[in-house]
Amino acid sequence: MKTSTVALPFFALALASSPAFGYVLVGTSDGAMVHWDTSALSVGLDPTMPSASVSSADAAQALDAALATWTDAAGGKLTLSPAEADARPDTIVLVRFHQDDWPYQANLLAYTQLYAHQVSGQITSAVIEVNERDHHFSVDGDRGRYDLQAVLTHELGHLIGLGHSLDPQASMHSGTAPGDAHQCNLDDDDRAGLTAIEAMQSMGAAGGCSFSPASSGSSGALVMMILFGLLGLAARRRRPSGC
Ligand SMILES: [Zn+2]
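To convert, count from 1 in the sequence shown and add 274; that's this note's numbering.
So, in structure tokens, the structure goes:
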């Protein structure tokens, strides 16, 4: 149950001041970095909310490629895989496309919501939403549309706990432009952020997390983490499709 909601509890924690990198990690208002208590996440398309821009097969292919991008970079320490059709619903992160109702800012291409424990930072569930009310997407390098794989790659970075990078070349940078697909690929900054996420997960697995089981029973301690999605109108030099 998520009975407590806090608007925009988006905090950039630790390592954001690193002179070498621009990535940031996301934390709760209690100062805990958000993280999953698992090294294997399943992500799938919600069949009840399919894309209107691309076919379900193309959307699935774009998602699979985005998942593989992060998994390959993680080197086995974190696995993002396509959800199996018979998997338990509560173990899956769903990607949903909105054509009629979009409750967020119109310039947002997509939006990843993380539900996390305020004290421990442990993520309990998540959903990735794509804004097809205001934007159109493609998987074939259409220079007039946003690249779906690039958008999903960016949102998966939010899913594992990364915020927006200050590095304009990073997949986790907040802006993009139609036809710009370079965020399909991770750069050194994204990989450094991923390494920090993996290190944090290792600490949690070893008992280094500050989470106290005695206080975890209160549903009121759960807060909704709202992460800014990919901003659609940020200026950026366009590049050929790289997906
Ligand atoms: Zn974003």
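A virtual CB, placed ideally from N, CA and C, is assigned to each residue, including glycine.
Predicted, not measured: the structure shown is a model, and the values here were computed from it.
In the structure shown, the three-state DSSP call for Ala333 is helix. Counting along the chain, no beta strand (DSSP E) covers Gln373, and no H or E run does either. Residue pairing by DSSP places Ala400 opposite Leu388 in a beta bridge. Ranked by Cα distance from Asp375, the options Thr353, Tyr389, His409 and Ser355 are led by His409.
Comparing alpha carbon positions, the residue from Ala444, Gly437 and Leu368 closest to Gly301 is Gly437. Contact check for Arg465 against Ala340 fails: the beta carbons are separated by 8 Å or more.
Within the same chain, and ignoring the five residues on either side of Pro356 in sequence, the residues whose Cβ sits closer than 8 Å to its Cβ are Ser316, Val317, Gly318, Ala334, Leu337, Asp338 and Leu341. Assignment of His447 by DSSP, reduced to helix, strand and coil, places it in the strand class. For Leu315, the uninterrupted beta strand (DSSP E) run begins and ends at Ala314 to Leu319, by DSSP. Linking Phe295 to Gly467 through their CA atoms gives a straight-line distance of about 8 Å. In the structure shown, the three-state DSSP call for Ile366 is strand. The beta carbon of Tyr378 sits closer than 6 Å to the beta carbons of Tyr385 from its chain, once the five residues preceding and following it are set aside; these are given in chain order.
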